[in-house]
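Taking the working numbering, I'd label the letters of the sequence shown as residues 4 to 157. Glycine included, each C-beta is placed from N, C-alpha and C at the ideal position. Quantities reported herein were computed from a predicted structural model and do not represent experimental measurements.
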Amino acid sequence: MKFSLTSLAFIFAIALSSTAQAEIYESEDAKGNPVFTDTPTAGTEEVKLQQENIADAVKVPPQPASEQAAKPPPIKNQEQHGNVTVIPDSRNEQLERKLAADRPHEVLEAEKRHEVGDQPTPEEIERREQARKGEYIDEAGNTVRVEHRGHKGR
Numbered sequence: 004m005k006f007s008l009t010s011l012a013f014i015f016a017i018a019l020s021s022t023a024q025a026e027i028y029e030s031e032d033a034k035g036n037p038v039f040t041d042t043p044t045a046g047t048e049e050v051k052l053q054q055e056n057i058a059d060a061v062k063v064p065p066q067p068a069s070e071q072a073a074k075p076p077p078i079k080n081q082e083q084h085g086n087v088t089v090i091p092d093s094r095n096e097q098l099e100r101k102l103a104a105d106r107p108h109e110v111l112e113a114e115k116r117h118e119v120g121d122q123p124t125p126e127e128i129e130r131r132e133q134a135r136k137g138e139y140i141d142e143a144g145n146t147v148r149v150e151h152r153g154h155k156g157r
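Have a look at this one:
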C-alpha cells in the first residue's frame with residue numbers, strides 16, 4: 004500500500020511539473036504557413052513565452068454600518084402579479100397622438116365622407132413647387148436651370 008501511494012504522489016508531481024513547463028514549438032509547413040505544436044520535431048524552434056501577467060484579486064472593503072442601515076428593507080410580496088403600475092412616457096404619448104391624427108377617422112352617419120389627408124397643406128404645396136425647379140452647373144461652368152412639368156396623362 005505504501006508503495007502505490009508513493010508512486011501515485013510521484014506521478015502526480017510529474018504531471019503538475021509538465022503542465023507548468025509546457026513547451027511550444029513552431030515550424031513551417033510546405034506552403035510556408037506557421038505551425039505550432041507541443042511536440043518537438045526536426046526543424047522546429049522553441050517559442051519563448053512571456054511570463055503571465057496575472058494580478059491578485061482586489062479586496063473590496065466592507066461597507067460601514069451606517070450605509071447598511073440606510074438601505075431600505077426589501078419589499079414583501081414582490082412576486083405578486085397584478086400589482087404593476089405603468090407610468091406612460093410623455094414622449095410616447097405625443098407620438099401616439101400624432102399617429103392617431105394621421106389615421107383615418109370613423110365616419111358617422113350624417114357626416115360628409117372624406118379621406119383624411121387628401122388635401123395637401125400649404126407647406127406641402129410649396130415644397131412640391133420647389134422640388135419641380137432646380138439648377139445645376141455643367142462641365143463648362145454654365146448654370147443651367149431646369150423645371151419639371153410633371154407627367155402628361157394618357
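In the structure shown, residue 51 falls within a coil segment according to DSSP collapsed to helix, strand and coil. In this structure residue 29 is in contact with residue 47, their Cβ atoms being roughly 6 Å apart against a cut-off of 8 Å. Going by DSSP, residue 34 is part of no beta strand (DSSP E) at all; its letter is neither H nor E. Its chain contains 29, 30, 31 as the residues whose beta carbon lies nearer than 8 Å to that of residue 37, once the 5 sequence neighbours on both sides are disregarded; these appear in chain order. Per DSSP, the continuous alpha helix (DSSP H) segment holding residue 101 begins and ends at 93 to 105.
The three-state secondary structure of residue 40, taken from DSSP, is strand.
Beta-bridge partners assigned by DSSP to residue 150: 136.
Taking the C-beta atoms as reference points, residue 150 is found no nearer than 8 Å to residue 131. If you draw a straight line from the Cα of residue 100 to the Cα of residue 133, it comes to about 30 Å. Taken atom to atom, the span from the alpha-carbon of residue 128 to that of residue 92 is near 34 Å.
Just so you know, the alpha carbons of residue 140 and residue 148 end up roughly 9 Å apart.
A direct Cα-to-Cα measurement between residue 33 and residue 49 gives close to 19 Å.
For residue 123, same chain residues with a beta-carbon under 8 Å away, outside a window of 5 residues either side, are 131 in chain order.
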